[in-house]
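FYI, the numbering used here numbers position 245 of the sequence shown as 245, with every residue one higher than the one before it.
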Amino acid sequence: MPLLEPKPGALRPRSTGGPAPDKVPDHRAAGTPEPLRTELAALLGPQKVLWKVSDLVRYASDASPYRFVPQVVVVAEDIDDVSAVLSYAHGRQREVVFRAAGTSLNGQAQGEDILVDVRRHWAGIEVLEEGRRARIRPGTTVARANAALARHGRVLGPDPASAIACTVGGVVANNASGMTAGTTRNSYRTLSSLTFVLPGGTVVDTADPLADEELARAEPALCHGLMEIKREIEADPALTARIRAKYEIKNTTGYRLDAYLDGTTPVEILRGLMVGSEGTLGFICEIVFDTLPLEREVCTALLFFPSLPAAAAAVPLFNAAGAVAVELMDGNTLRASVSVPGVPADWADLPRETTALLVEFRAPDPAGRDACAQRAARVLDRLDLVAPVPSVTNAFTSDPRTVGGYWQARRAFVTAVGGARARGTTLITEDFAVPPSRLAEACEALLALQAEHGFDAAVAGHAAHGNLHFMLAFDAADPADVERYGAFMEAFCRLTVERFDGSLKAEHSTGRNMAPFLELEWGPVATGLMWRTKHLIDPEGVLAPRVLLDRDPRAHLRGLKTIPQVEAVVDPCIECGFCEPACPSGDLTTTPRQRIVLRREMLRQQPGSAVLDGLLASYGYDAVDTCAADSTCRLACPVGIDTGALMKDFRHRRHGPREEAAAALAARRFGAAESAARLAVSAADRIPFRIGAGLLGAVTAAARRAVRPDLVPQWPARLPGAAARHLPPTRRVGAAAVYYPACVNRIFGGPEGRPGPSLPEAVVTLSERAGRPVWIPGDVGGTCCATIWHSKGYEAGARVMANRIVEAAWGWTAGGRLPLVVDASSCTLGIAREVVAYLTRENRGLHAELRVLDSIVWAAEELLPHLEVRRTVGSAVLHPTCSMRHLGDEDRLRAVAEACAEEVVVPEEAGCCAFAGDRGMLHPELTASATAREAAEVTARPFDAHLSANRMCEVGMDRATGRSYCSALLELERATRP
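Pasting the structure below:
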């Protein structure tokens, strides 16, 4: 047994509220049953089959209020895998559901049998015709696709609020639209072509001139049936008119019946039917979009009205004036949004009835923007606005920061409202549309209906298109509350259809919660055609049964998920998935959402259950050990949930008293540890590589077994050489700043084979060259930013070092009169922010007086204006660190790089490298997975320089790319060297 084995049972919930009505039953504890597991592993390879109970549970939840546990999860890599799974399902009478980002709000990404992950291996975009078209793989996020198109001044038509997380395949499969797409810019209207796999395995590329001929040979009955339905619809003038009328407003309820009217051949009809089909008719494996111009000039305002109907009444005025977006947020939404970073705190004091419209005009040039501003001003003159709190301006602006803040609040409204809900309740997000001219009337009716049923919903949405969302919470564990919700839904659907002839789903697609009401909206004839369409294309019902079509009138009440209370830091999570693209462990083990989902299932279980034991057995590695703890999930989460902080707390819980004491002792004697580490690196440098790598690898492997694998790093094949024993000499007198070389730069040297100064020498030289000299205190040795300790959950050690560094910095900077310049971004973040939680009350006061600057910021703001650039390289690629993202310093890294290189590139796949100090040596597989996509992008072309701002991140990128990364300050020193 390792010397410092984690405390057994430390992660077991301290109390469980279970058993919950939707807990995973004990007979599922073994995971995927046989022979399903063995047969799929033999068919696809065992690495593509996820079978543990923890795998099944983490894939059971999405952003919806539903939860269905699959029998198995398949991670498909290509079309061959998809076809093999479909063939297997046909032969074994099984069901298949495809899942990409899991951001859908109606349970479309959940299945009860075979669930196929089509996110991980399905990303990529090819820009065509100078951006006028784009070929996109279905696992690509909308944000990633738009980033590639922005270089060409183009953008996709659909613009869902979940763009940072939702995938293009999911957007097309749900015909999601967003803030500005309306009925003219959605997927249905802007698709050029699709490639998809039908349930029988036939692959159809609608751009292929021979597609209809090949489909007729492969599936003649299907072609005949599609054309027969087309003829029936066209022979019925009333039905034709009804179908056309239904799509004059936003509508994603049921299948796109107008595909039969718009398409002239079976392939054209199928192309239209696939949009909004929610994975029930086939798998979309490639999409070609016709893109739209990106209009960069904006004129935007957040306007406040005394009531929801008053705001709705103003919408037609802005529509007539040419606004591209008119977004509505009611008082509940606005008040909940105070949890969103950047939202004014005084919104919490807004009156209950207050409602705001976010109005935006866009133009291709400043002249067009000015014309928009004039039209907007004329509308403003006709409005009676209110300013209930000081932050309200009710004015149009083009300031990017202000406009960005408005949109951040708007995009975050679902998560903000969800985060503000009562603990332990389930959030429902509904989505409907009415004719825009009747929006004000619909708002009044909705308010009355929710009051009648005892709900106080939050209302927001795309008012310009008559499309509103409302969010309400109820207790899914309480049968009476479920019935209250069911009664409300029945009344709401009848109100929308019978009074307003509206769409029960405007852009979120039918899903499980609206499937029972499909016939209410469309009537028996049109609904019958939808059932015929499903049976024609998927006669055996293999794909996503009950997701879009369901004859059970209570289907929307089946599978509702309870939300047990867990740790307070993550309780607000609504499982939206916005965090997942930012998570460095997402392709290796678990994502932040999945870590929370697994924890909630533990709380659903009763003590001693076999499922609980199975979840705990996997959670240590899958959730805790392989979390980089970089908290990029907090940046991605609209309400700032920090799952990384919870994982650090779990690490602390697993420590025994002996381990905590050892860590605290290491902190107190860090000077000796630092010297020993530098000597070890220096000694390793002198051993021939072939001998040294194997010997040190064997020694550290033995130490990992003896002490603990998650505590002792594995010696990597290559590490930087040792730093110089002595730091460069400096003088305190006349210094413009105190320079703090981080311990990593006191232990490790720069890139192997790079001529020139070390990083400390470069910082000192650059500062002198710019006339802003720095001073390195003589007693920096033995101090640290404390990240080594708190990242591993060693709270006692973190307290020792945090207080030591703050007291030392206070003295070095003369009580905060000089800035403290730190040369590693993670250490800058550590000293500037992360140490605060571990400080004594007195030292918090000292810390508040310190001004901590990253050396990149120091160079960009204080040195560059006084430096002469004498030589540049042709191109430089940057790796912005996650710490820089937290500090908001990425633009300074670019500024420094642009002084050194003619071309500067930030990879579109740039993210956290997950080296995380030494975690890349504890779990090298984590860094390998986290950097794979960025590395592929970097190595696709040559660069003259590879620049970053943290030595261990540079090491991580060295490993991933085979290229040599270094600090941008080393390149700046070379560029300005006389």
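Beta carbons are placed, not taken as given, at the ideal position from N, Cα and C, and that holds for glycine.
What's the call for residue i, buried or exposed, on a 16-neighbour Cβ count within 10 Å?
i: residue 648; result: buried
i: residue 973; result: buried
i: residue 605; result: buried
i: residue 168; result: buried
i: residue 7; result: exposed
i: residue 1; result: Residue confidence for residue 1 is low, a pLDDT of 40 falling below 50, so the modelled location carries little weight; the figure read from the coordinates is stated next. Result: exposed.
i: residue 869; result: exposed
i: residue 967; result: buried
i: residue 393; result: exposed
i: residue 834; result: buried
i: residue 63; result: buried
i: residue 811; result: exposed
i: residue 210; result: exposed
i: residue 840; result: exposed
Mind reading off the beta-carbon distance from residue i to residue j? Whole number of angstroms is fine, and I expect it under 8 Å.
i: residue 780; j: residue 730; result: Contact doesn't hold; Cβ gap of about 11 Å is too wide.
i: residue 828; j: residue 852; result: 6 Å
i: residue 191; j: residue 315; result: Residue 191 to residue 315, Cβ: 28 Å. No contact.
i: residue 70; j: residue 117; result: Contact flag wrong, Cβ pair sits at about 10 Å.
i: residue 956; j: residue 913; result: 4 Å
i: residue 312; j: residue 443; result: 5 Å
i: residue 160; j: residue 100; result: With a Cβ gap of about 13 Å, residue 160 and residue 100 do not count as contacting.
What number of angstroms, rounded off, separates the C-alpha of residue i from the C-alpha of residue j?
i: residue 944; j: residue 975; result: 13 Å
i: residue 327; j: residue 745; result: 50 Å
i: residue 520; j: residue 498; result: 9 Å
i: residue 384; j: residue 339; result: 28 Å
i: residue 364; j: residue 488; result: 45 Å
i: residue 10; j: residue 928; result: 29 Å
i: residue 274; j: residue 584; result: 32 Å
i: residue 349; j: residue 473; result: 22 Å
i: residue 775; j: residue 739; result: 6 Å
i: residue 355; j: residue 329; result: 6 Å
i: residue 369; j: residue 325; result: 14 Å
i: residue 509; j: residue 582; result: 26 Å
i: residue 452; j: residue 643; result: 38 Å
i: residue 170; j: residue 197; result: 15 Å
i: residue 52; j: residue 31; result: 5 Å
i: residue 73; j: residue 236; result: 44 Å
i: residue 788; j: residue 633; result: 20 Å
i: residue 20; j: residue 478; result: 10 Å
i: residue 378; j: residue 298; result: 17 Å
i: residue 555; j: residue 481; result: 16 Å
i: residue 124; j: residue 910; result: 14 Å
i: residue 54; j: residue 612; result: 9 Å
i: residue 961; j: residue 879; result: 12 Å
i: residue 445; j: residue 162; result: 28 Å
i: residue 769; j: residue 867; result: 7 Å
Since residue i sits in a beta bridge, which residues does DSSP pair it with?
i: residue 419; result: Residue 419 is not bridged to any residue.
i: residue 293; result: 154
i: residue 513; result: None; residue 513 has no bridge partner.
i: residue 178; result: 159
i: residue 544; result: Paired residues: none, contrary to the question.
i: residue 467; result: 433 and 462
i: residue 736; result: For residue 736, which the question treats as bridged, DSSP gives no partner whatsoever.
i: residue 946; result: 877
i: residue 125; result: 136
i: residue 67; result: 61
i: residue 99; result: 117
Tell whether a beta-carbon distance below 8 Å holds between residue i and residue j.
i: residue 563; j: residue 600; result: yes
i: residue 148; j: residue 908; result: yes
i: residue 522; j: residue 254; result: yes
i: residue 301; j: residue 386; result: no
i: residue 557; j: residue 534; result: no
i: residue 58; j: residue 598; result: yes
For residue i, would you say it is in contact with chain D, using Cβ-to-Cβ distances shorter than 8 Å as the test?
i: residue 429; result: Judged by its chain identifiers, the structure shown contains no chain D, having just a single protein chain.
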